(Lines of atoms letter the chains of each structure in order from A; the text may use other names.)
(Lines give C-alpha, C1' and ligand atoms only; values in the text may rest on other atoms or scores of the structure.)
Protein backbone atom coordinates (compact mmCIF):
# COMPACT_ATOMS: atom_id res chain seq x y z
CA UNK A 19 0.00 0.00 0.00
CA UNK A 20 1.26 3.46 -0.90
CA UNK A 21 2.67 5.73 1.81
CA UNK A 22 2.18 9.49 1.70
CA UNK A 23 5.19 11.61 0.77
CA UNK A 24 5.73 15.34 0.32
CA UNK A 25 4.05 16.55 -2.87
CA UNK A 26 1.17 14.04 -2.67
CA UNK A 27 -2.38 15.35 -2.58
CA UNK A 28 -4.40 13.79 0.23
CA UNK A 29 -7.85 13.93 1.77
CA UNK A 30 -8.36 13.76 5.54
CA UNK A 31 -11.28 13.81 7.93
CA UNK A 32 -10.34 15.61 11.14
CA UNK A 33 -11.47 17.11 14.41
CA UNK A 34 -9.38 19.89 15.92
CA UNK A 35 -9.60 20.60 19.64
CA UNK A 36 -8.01 22.95 22.16
CA UNK A 37 -6.19 21.57 25.20
CA UNK A 38 -9.41 21.84 27.24
CA UNK A 39 -11.22 19.60 24.71
CA UNK A 40 -13.20 22.39 23.02
CA UNK A 41 -13.71 21.58 19.32
CA UNK A 42 -12.65 24.52 17.13
CA UNK A 43 -13.07 22.83 13.73
CA UNK A 44 -14.12 19.54 12.21
CA UNK A 45 -14.78 18.04 8.80
CA UNK A 46 -17.69 15.99 10.22
CA UNK A 47 -20.66 16.29 7.89
CA UNK A 48 -18.49 17.82 5.16
CA UNK A 49 -16.23 16.56 2.41
CA UNK A 50 -12.74 15.62 3.59
CA UNK A 51 -10.10 18.35 3.58
CA UNK A 52 -7.92 18.08 0.46
CA UNK A 53 -4.41 19.54 0.29
CA UNK A 54 -0.92 18.88 -1.03
CA UNK A 55 1.47 17.60 1.65
CA UNK A 56 4.41 19.92 2.26
CA UNK A 57 2.96 22.82 0.27
CA UNK A 58 2.18 25.09 3.22
CA UNK A 59 -1.60 24.84 2.70
CA UNK A 60 -2.16 23.67 6.29
CA UNK A 61 -0.45 24.36 9.61
CA UNK A 62 3.11 22.94 9.83
CA UNK A 63 2.51 20.58 12.77
CA UNK A 64 -0.31 18.76 10.99
CA UNK A 65 1.49 18.78 7.64
CA UNK A 66 4.54 17.10 9.22
CA UNK A 67 2.41 14.32 10.79
CA UNK A 68 1.15 12.93 7.47
CA UNK A 69 4.15 11.61 5.49
CA UNK A 70 4.48 7.84 5.91
CA UNK A 71 0.76 7.30 6.54
CA UNK A 72 -1.39 5.04 4.36
CA UNK A 73 -5.03 5.42 3.34
CA UNK A 74 -7.20 4.36 6.28
CA UNK A 75 -4.56 5.20 8.92
CA UNK A 76 -5.72 7.26 11.91
CA UNK A 77 -3.60 9.45 14.15
CA UNK A 78 -3.90 11.93 17.02
CA UNK A 79 -1.27 14.67 17.08
CA UNK A 80 -0.66 17.38 19.65
CA UNK A 81 0.63 20.52 17.98
CA UNK A 82 2.31 23.29 19.97
CA UNK A 83 1.29 26.84 19.07
CA UNK A 84 4.60 27.54 17.31
CA UNK A 85 3.79 24.72 14.84
CA UNK A 86 0.17 25.89 14.47
CA UNK A 87 -0.81 29.57 14.19
CA UNK A 88 2.22 30.92 16.04
CA UNK A 89 2.45 33.04 19.17
CA UNK A 90 0.25 36.02 19.88
CA UNK A 91 1.94 39.07 18.34
CA UNK A 92 1.42 42.15 20.55
CA UNK A 93 2.12 44.46 17.60
CA UNK A 94 -0.86 42.95 15.75
CA UNK A 95 -3.14 44.86 18.16
CA UNK A 96 -3.85 48.46 17.28
CA UNK A 97 -5.83 51.16 19.06
CA UNK A 98 -7.92 53.39 16.81
CA UNK A 99 -9.56 56.61 18.00
CA UNK A 100 -13.25 55.87 18.57
CA UNK A 101 -14.28 58.91 16.50
CA UNK A 102 -12.60 57.35 13.44
CA UNK A 103 -14.88 54.29 13.56
CA UNK A 104 -18.15 54.74 11.62
CA UNK A 105 -21.21 54.71 13.91
CA UNK A 106 -22.81 51.78 12.05
CA UNK A 107 -19.87 49.41 12.80
CA UNK A 108 -20.70 46.99 15.65
CA UNK A 109 -18.14 47.23 18.46
CA UNK A 110 -19.14 44.32 20.69
CA UNK A 111 -16.11 42.49 22.12
CA UNK A 112 -15.21 39.54 19.90
CA UNK A 113 -16.89 40.96 16.81
CA UNK A 114 -14.96 40.05 13.70
CA UNK A 115 -14.44 42.83 11.16
CA UNK A 116 -12.48 43.21 7.95
CA UNK A 117 -10.13 46.10 7.27
CA UNK A 118 -8.56 47.02 3.99
CA UNK A 119 -4.85 47.81 4.05
CA UNK A 120 -3.42 50.70 2.00
CA UNK A 121 -2.34 48.09 -0.60
CA UNK A 122 -5.92 46.80 -0.92
CA UNK A 123 -5.42 43.57 1.01
CA UNK A 124 -8.33 42.53 3.24
CA UNK A 125 -7.29 41.79 6.84
CA UNK A 126 -9.61 40.12 9.38
CA UNK A 127 -9.54 41.71 12.85
CA UNK A 128 -11.39 41.17 16.12
CA UNK A 129 -12.69 43.87 18.44
CA UNK A 130 -10.53 43.26 21.54
CA UNK A 131 -11.24 46.31 23.71
CA UNK A 132 -13.55 49.32 23.62
CA UNK A 133 -13.26 52.50 25.69
CA UNK A 134 -14.83 55.92 25.30
CA UNK A 135 -11.67 57.12 23.56
CA UNK A 136 -10.54 54.14 21.46
CA UNK A 137 -11.21 50.74 19.94
CA UNK A 138 -8.48 48.08 20.03
CA UNK A 139 -8.50 45.79 17.00
CA UNK A 140 -6.58 42.51 17.07
CA UNK A 141 -5.24 41.05 13.79
CA UNK A 142 -3.84 37.89 15.42
CA UNK A 143 -5.36 34.63 14.20
CA UNK A 144 -8.03 33.53 16.73
CA UNK A 145 -5.97 30.37 17.44
CA UNK A 146 -2.61 32.18 17.83
CA UNK A 147 -0.86 31.20 21.04
CA UNK A 148 -2.94 28.03 21.46
CA UNK A 149 -1.72 24.44 21.46
CA UNK A 150 -3.96 22.25 19.28
CA UNK A 151 -4.84 18.57 19.00
CA UNK A 152 -5.94 16.99 15.74
CA UNK A 153 -7.62 13.58 15.58
CA UNK A 154 -7.63 12.63 11.93
CA UNK A 155 -7.96 9.84 9.40
CA UNK A 156 -6.17 9.72 6.08
CA UNK A 157 -9.10 8.97 3.78
CA UNK A 158 -7.36 8.97 0.43
CA UNK A 159 -4.15 9.62 -1.42
CA UNK A 160 -5.21 11.32 -4.66
CA UNK A 161 -3.44 10.09 -7.77
CA UNK A 162 -1.52 12.87 -9.51
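In the numbering used here, the protein residues as written are 19 to 162.
Yeah, the Cβ is synthetic: ideal placement off N, Cα and C, and Gly gets one too.
As the structure is a prediction and not an experimental result, all values here were calculated from the model.
Relative to the Cα of residue 155, the nearest Cα in the group 29, 20, 22 and 24 belongs to 29. Judged by their CB atoms, residue 33 and residue 41 are nearer to each other than the 8 Å cut-off. Take residue 73, set aside five residues on each side of it, and the residues of its chain with a beta-carbon closer than 8 Å to its own are 19, 20, 156, 157, 158 and 159, in chain order.
In this structure, the beta-carbon distance from residue 79 to residue 109 does not fall below 8 Å. With a threshold of 16 other beta carbon atoms within 10 Å, residue 81 meets it and is buried. Excluding five sequence positions before and after residue 140, the CB atoms of its chain that fall closer than 7 Å to its own CB belong to 94, 95, 127, 128 and 130, given in chain order.
In this structure, residue 103 keeps its C-beta atom at 8 Å or more from the C-beta atom of residue 146.
Taken in chain order, the whole alpha helix (DSSP H) runs of length 4 or more contained in the region 49–119 are 62–65. Residues of the same chain with a CB within less than 8 Å of the CB of residue 135, apart from the 5 flanking positions on each side, are 99 and 100 in chain order. Between the alpha carbons of residue 118 and residue 75 lies a distance of about 42 Å. Cβ contact annotation for residue 24 (same chain, cutoff 7 Å, sequence separation greater than five): 55, 56 and 69, in chain order. Across the structure, residue 114 and residue 27 are spaced so that their CA atoms are roughly 32 Å apart.
If the five residues before and after residue 62 are omitted, its C-beta is found closer than 6 Å to the C-beta atoms of 85, all from its own chain and listed in chain order.
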